[in-house]
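>
In the working numbering, the protein residues as written are 24 to 277.
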């Protein structure tokens, strides 16, 4: 396989981007060159040992009850609400680490990128399920309220105790895995129509053109499992009395 690339020229007033050309004996489509990693362990669970762990665990469990009560089996709308919340921690943590890096003139060990990538990934989950769920006006209002409360609460929580904040997100992702597993069960039973995957999902995850909603839920669930592991790992680093920069961040998942 031979790769040819033409120079890219940048200027203040103009931007010219020449495409990268691939000379190959066959034309490859995106879904033929990439596949999401679905092999990640979905059953991993961090057993709460310390007081902060238990508090984080039971706070997440307490949040699940009103969510179950409000959305019941409307898993598309439930996913929309879940992703609204899940997209906040990565942005908050990444922003605080970014500011800390600037203040101290030091690197972050790759954690800024990892957390911001997580936030962007969760945002894309939300954009995808907005196409599927078509939320009602009062559900949109609920999203605004929940996001406002959670953003400020998590910001304060991260400043006070990063290890608690990351542990809570780890448990939140465990609940997300459970929620998407139930979503898949409803799809398999035929209780939810397995519609074609939204174009935004096909493009983002490089799914085949005939991908369905079930394929989307599978890759989203795998993303959540990855975020679970990253946040439990981050919390463990803090529990060891170390800073995140002292341990290499898991970069390049997407």
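For every residue, glycine included, the Cβ atom is placed at its ideal position computed from N, Cα and C. In this text the structure is predicted, and so the values were computed from the model without any measurement.
Could you give the residue range of the alpha helix (DSSP H) that holds residue 211?
Unbroken alpha helix (DSSP H) run through residue 211: 185 to 212.
> Can you look up residue 107 in the DSSP assignment and give me helix, strand or coil?
In the structure shown, residue 107 sits in a helix (DSSP, three-state: H, G or I).
> Once the 5 residues before and after residue 130 are set aside, which same chain residues still bring their CB inside 8 Å of it?
Here the set comprises 124, 268.
> What's the C-alpha gap between residue 126 and residue 271?
The alpha-carbon atoms of residue 126 and residue 271 are separated by roughly 21 Å.
> Please work out which residues of its chain come closer than 8 Å, Cβ to Cβ, to residue 220, disregarding the five sequence neighbours upstream and downstream, and give them in chain order.
Cβ within range, chain order: 230, 234, 235, 236, 238, 239.
> Please confirm whether residue 187 and residue 75 have their CB atoms less than 8 Å apart.
Yes, the Cβ-Cβ distance between residue 187 and residue 75 is below 8 Å.
> Going by other Cβ atoms of all chains shown within 10 Å of its Cβ, with 16 needed for buried, is residue 152 buried or exposed?
Result: buried.
> Considering only the beta carbon of each residue, do residue 199 and residue 105 sit closer than 8 Å?
Contact flag set, yes.
> Check whether the Cβ atoms of residue 107 and residue 169 sit closer than 8 Å, and answer yes or no.
Their beta carbons are under 8 Å apart, which means residue 107 touches residue 169 by this criterion.
> Decide if residue 244 is buried, meaning its Cβ has at least 16 other Cβ atoms within 10 Å, or exposed.
When all chains shown are included, residue 244 counts as buried.
> Contact check, residue 190 vs residue 258 under 8 Å by CB: the rounded distance?
Yes, they are in contact, since the Cβ atoms of residue 190 and residue 258 sit about 4 Å apart, within 8 Å.
> Consult DSSP for residue 221 and reduce its assignment to one of helix, strand or coil.
Here residue 221 sits in coil by DSSP.
> Skipping 5 residues on each side, what residues in its chain have a beta carbon closer than 8 Å to that of residue 114?
Excluding residues within five positions, the ones whose Cβ falls inside 8 Å are 138, 139, 142.
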